[in-house]
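First the structure, in the form of structure tokens, and then the observations on it.
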Amino acid sequence: MIRFIFCFFFLNAFFNQTLYAFDIQSVKSSKNNIEAWLVEDHSLPLISIAIGFRGGSALDPEKKQGLALFTTSLLDEGAGQLDATAFQQKTKDLALDLDYVCSKDTIIITFRSLTKYQKEGLALLKSSLIEPRFDTSAIERIRSQLLVNIKNNQGNPGRIGRLAWLSMNFPGHPYSKDMTGTAETIASIEQNDFKEFLHNRFTLDNMFVAVVGDIDATHLSSLLDETFGDLPKQSALPIVQNSIAAESKGEIWSIPNDIPQSIILFGHGGIKRNHPDFIPAVLVNYILGGSNFDSHLNNEIREKRGLTYGISTDLETYTQTGLITGNVATQSNKVLETIDQIKKEWGQIHDKGLTQQELDNAKKYTRGSFALQFNSSINIAQTLLRLQLNNLGINYIKERENLINSVTLKDIKRVTSEIFMPNKLSFVIVGKTQDIPNQKILTQ
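The sequence shown lines up with residues 94 to 537 when you count with the working numbering.
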């Protein structure tokens with residue numbers, strides 16, 4: 094199903110440890126050499142697992158867009174001897190938190206269970222990966238839900254703008270496509286498409302695993318073989334372009350829409366997560382438009398001019414590229430002024446970099462905010478999984494603080510001048526059309 098049932102556990106004991114004292118072990122199974130990163134904690138009878146497979150919606154065939162999301166949405170709709178109702182009832186009976194999530198680049202599965210139900214829970218997880226039923230009734234029910242979502246999305250101004258901005262920057266590339274697909278592509282997807290999807294992606298050479306909780310390395314080693322050993326050995330992912338840069342050309346696109354406030358999406362190409370300048374870029378972004386009310390953009394556009402209730406920017410990272418993006422909503426007659434201020438602040442960061450005080454503040458926030466990713470065992474598992482998917486290494490958590498502390502103003506100036514480029518800022522406006530120089534008017 095598209096909406097999943099969660100069992101929330103409010104846990105504190107584990108997180109009294111010092112953040113950087115985590116002992117992350119690399120555990121390998123004896124039979125299939127399956128690797129997992131493990132953080133042991135025996136203070137609570139709980140185990141959390143995060144599993145990742147490369148190959149999300151960006152690899153959907155052109156005529157089967159939406160396949161990754163469609164397939165992922167069916168994985169808890171019955172497996173083995175259990176139909177959809179029985180499968181979901183079993184997750185309730187075992188108090189499992191079992192979730193399947195699709196993104197552009199990955200399929201992520203999270204599993205959380207009390208230790209006493211661990212064996213039965215992992216058997217259920219295994220069944221969903223090895224022998225999902227893909228019953229006709231479940232397929233058609235999920236297809237109907239996806240078609241409703243597609244129709245609803247057509248009236249969502251934010252989503253309309255987002256897809257237009259991606260199309261502007263990645264013309265013809267899968268990153269520009271809606272992961273939900275279209276009514277036509279969803280209608281064309283058949284049962285064999287789901288089976289082929291799993292066979293090509295859910296494979297041992299394409300799998301990453303992180304485990305946190307009440308289990309030791311010896312036990313985990315055997316569980317890895319028991320749970321995942323029957324997956325195919327080799328993946329067959331579609332061949333795509335290895336790297337792509339956003340075609341940010343400083344354009345302004347307007348999409349007429351009769352809404353109370355205009356929505357502005359903006360940004361340009363960025364860097365990948367494993368780029369050596371990623372940490373300095375994070376610090377710059379925090380000061381420019383990150384999650385704080387003292388950011389340059391928030392001060393100038395919200396506080397001083399009252400043009401919006403809020404504005405933010407972010408670094409988006411994908412397997413093949415990176416982006417620096419932002420969004421803001423404002424009155425339609427204030428769109429041009431808002432765009433001018435965004436360009437101005439971007440230009441000042443580009444030309445001048447940061448002050449030492451701003452850099453120190455950004456470092457302090459970035460060091461402290463990382464701990465928020467460790468407020469539950471499942472969040473820790475997901476963080477460890479992301480480190481694997483981004484090739485950051487098993488020691489990254491211990492090294493991260495030094496990476497932040499070592500950033501200098503010279504590093505910041507290099508990053509602001511080479512990565513934050515005001516002349517490449519591209520804008521998409523969704524709202525009442527205004528007289529904006531050089532804008533391109535699009536129709537929905």
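C-beta: ideal position from N, C-alpha, C; glycine also. All figures in this text were calculated on a predicted structure; none of them were measured in a lab.
Report buried or exposed for H567, applying the criterion of at least 16 other Cβ atoms within 10 angstroms of its Cβ. The structure shown does not extend to residue 567, since the chain is modelled only from 94 to 537, so the question has no answer here.
Could you give the first and the last residue of the continuous beta strand (DSSP E) run that contains F263? Looking up residue 263 in the sequence shown gives position 170. Note, F263: premise wrong, no beta strand (DSSP E); not H, not E.
Beta bridge counterpart(s) of D190 as assigned by DSSP: Here residue 190 is taken as the residue at index 97 of the sequence shown, counted from 1. Looking at the DSSP assignment, D190 forms a beta bridge with R205.
Any idea what DSSP makes of S196, helix, strand or coil? On the sequence shown, position 103 is the one that residue 196 refers to. When DSSP states are grouped into helix, strand and coil, S196 belongs to the coil group.
With DSSP run on the structure shown, which of helix, strand or coil describes V421? Translated into positions along the sequence shown, residue 421 becomes position 328. Three-state result, V421: strand.
Work out the CA separation of N249 and L429 for me, nearest whole Å. Walking along the sequence shown from the start, residue 429 turns up at place 336. Walking along the sequence shown from the start, residue 249 turns up at place 156. Approximately 22 Å between the Cα atoms of the pair.
Per-residue DSSP class, three states only, for E170: In the sequence shown, residue 170 corresponds to position 77, counting from 1. Coil.
Spatial distance of Y458 from E289 (CA atoms): Reading the sequence shown from its first residue, position 365 is the one you call residue 458. Reading the sequence shown from its first residue, position 196 is the one you call residue 289. Using only the alpha carbons, I get a separation of about 45 Å.
Rounded separation between N484 and P138 - CA only: Reading the sequence shown from its first residue, position 391 is the one you call residue 484. Reading the sequence shown from its first residue, position 45 is the one you call residue 138. Distance from the CA atom of N484 to the CA atom of P138, rounded to whole angstroms, is 31 Å.
Using the three-state DSSP reduction, which class does M361 fall into: helix, strand or coil? Taking the sequence shown and counting its residues from 1, the one referred to as residue 361 is at position 268. It should be noted that the sequence gives His, not Met, for residue 361. Strand at H361.
Please state whether DSSP places G254 in a helix, a strand or coil. On the sequence shown, position 161 is the one that residue 254 refers to. Correct three-state label for G254: helix.
Closest residue to E128 among R493, V508, S510, S315 (Cα-Cα distance): The residue labelled residue 128 in the question sits at position 35 within the sequence shown. That would be S315, whose Cα lies nearest to the Cα of E128.
Could you give the distance in angstroms between the alpha-carbon of L400 and the alpha-carbon of N385? The sequence position of residue 400 within the sequence shown is 307, counting from 1. The sequence position of residue 385 within the sequence shown is 292, counting from 1. Cα to Cα, the separation comes out at about 17 Å.
E344 and M272 closer than 8 Å at C-beta: What you label residue 344 is simply residue 251 of the sequence shown in a count that begins at 1. What you label residue 272 is simply residue 179 of the sequence shown in a count that begins at 1. Not closer than 8 Å, so no.
Alpha carbon to alpha carbon, what distance is there between E319 and G383? Along the sequence shown, read from residue 1 onward, the residue named residue 383 stands at position 290. Along the sequence shown, read from residue 1 onward, the residue named residue 319 stands at position 226. Straight-line Cα distance between these residues: approximately 44 Å.
Pairwise C-alpha distance: S150 and L330: Locating residue 330 in the sequence shown gives position 237, counting from the first residue. Locating residue 150 in the sequence shown gives position 57, counting from the first residue. Cα-Cα distance, rounded: 12 Å.
My output table needs one value for E224: the three-state DSSP class, helix, strand or coil. Locating residue 224 in the sequence shown gives position 131, counting from the first residue. Note: E224 maps to coil in three-state DSSP.
Taking A303 and Q481 to be in contact with their CB atoms under 8 Å, please state how far apart those CB atoms are, rounded to whole angstroms. Here residue 303 refers to the residue found at position 210 when the sequence shown is read from its first residue. Here residue 481 refers to the residue found at position 388 when the sequence shown is read from its first residue. Cβ atoms of A303 and Q481 come within 8 Å of each other, at about 7 Å.
Cβ atoms of F321 and L291: under 8 Å apart, would you say? What you label residue 291 is simply residue 198 of the sequence shown in a count that begins at 1. What you label residue 321 is simply residue 228 of the sequence shown in a count that begins at 1. Cβ atoms of L291 and F321: not closer than 8 Å.
CB-CB under 8 Å to E396, same chain, minus the five flanking residues each way: which ones, in chain order? If you number the sequence shown from 1, residue 396 lands on position 303. Hits under 8 Å: F386.
Where does F301 fall in DSSP's three states? Taking the sequence shown and counting its residues from 1, one reaches residue 301 at position 208. Correct three-state label for F301: strand.
Cutoff 7 Å; reference H266; Cβ partners in own chain excluding five residues on either side: Your numbering for residue 266 matches position 173 in the sequence shown. I337.
Rounded separation between G403 and N488 - CA only: For this step, residue 403 is matched to residue 310 along the sequence shown. For this step, residue 488 is matched to residue 395 along the sequence shown. When rounded, the distance between both Cα atoms is 37 Å.
Using the rule of at least 16 other Cβ atoms within 10 Å of the residue's Cβ for burial, across every protein chain shown, is E170 buried or exposed? Here the question's residue 170 lines up with position 77 in the sequence shown. So E170 counts as buried.
Taking C-alpha atoms, which residue in L131, N125, G214 lies nearest to Q118? As a working note, residue 118 is residue 25 in the sequence shown. When only C-alpha atoms are compared, the closest one is L131.
I'd like the span of the alpha helix (DSSP H) that includes S281, first residue to last. Here residue 281 refers to the residue found at position 188 when the sequence shown is read from its first residue. Where S281 is concerned, the enclosing alpha helix (DSSP H) stretches over 276 to 281.
Buried or exposed: where does I394 fall if 16 or more other Cβ atoms within 10 Å of its Cβ makes it buried? Counting from one through the sequence shown, the residue named residue 394 turns up at place 301. With 16 or more other Cβ atoms within 10 Å, it is buried.
Can you list, in chain order, the residues of its chain whose CB lies under 7 Å from that of Q466, leaving out five sequence neighbours each side? Sequence index remark: in the sequence shown, residue 466 carries index 373 (1-based). N472, T476.
Hey, how far is the Cα of T423 from the Cα of V120? Reading the sequence shown from its first residue, position 330 is the one you call residue 423. Reading the sequence shown from its first residue, position 27 is the one you call residue 120. Straight-line Cα distance between these residues: approximately 52 Å.
Would you mind sorting N285 into buried or exposed? The rule is 16 or more other CB atoms within 10 Å of its CB. Along the sequence shown, one-based indexing puts residue 285 at 192. By the 16-neighbour rule on beta-carbons within 10 angstroms, N285 is exposed.
Rounded C-alpha distance that separates A231 from G148: Numbered from its first residue, the sequence shown carries residue 231 at position 138. Numbered from its first residue, the sequence shown carries residue 148 at position 55. When rounded, the distance between both Cα atoms is 23 Å.
Inspect the beta-carbon positions of I348 and L535 and report whether they are closer than 8 Å. Counting from 1 along the sequence shown, the entry for residue 348 is found at position 255. Counting from 1 along the sequence shown, the entry for residue 535 is found at position 442. Contact: yes.
Give the list of continuous beta strand (DSSP E) stretches no shorter than 3 residues that lie fully inside the stretch 352 to 416. Runs of the beta strand (DSSP E) inside the stretch 352 to 416: 355 to 362, 404 to 410.
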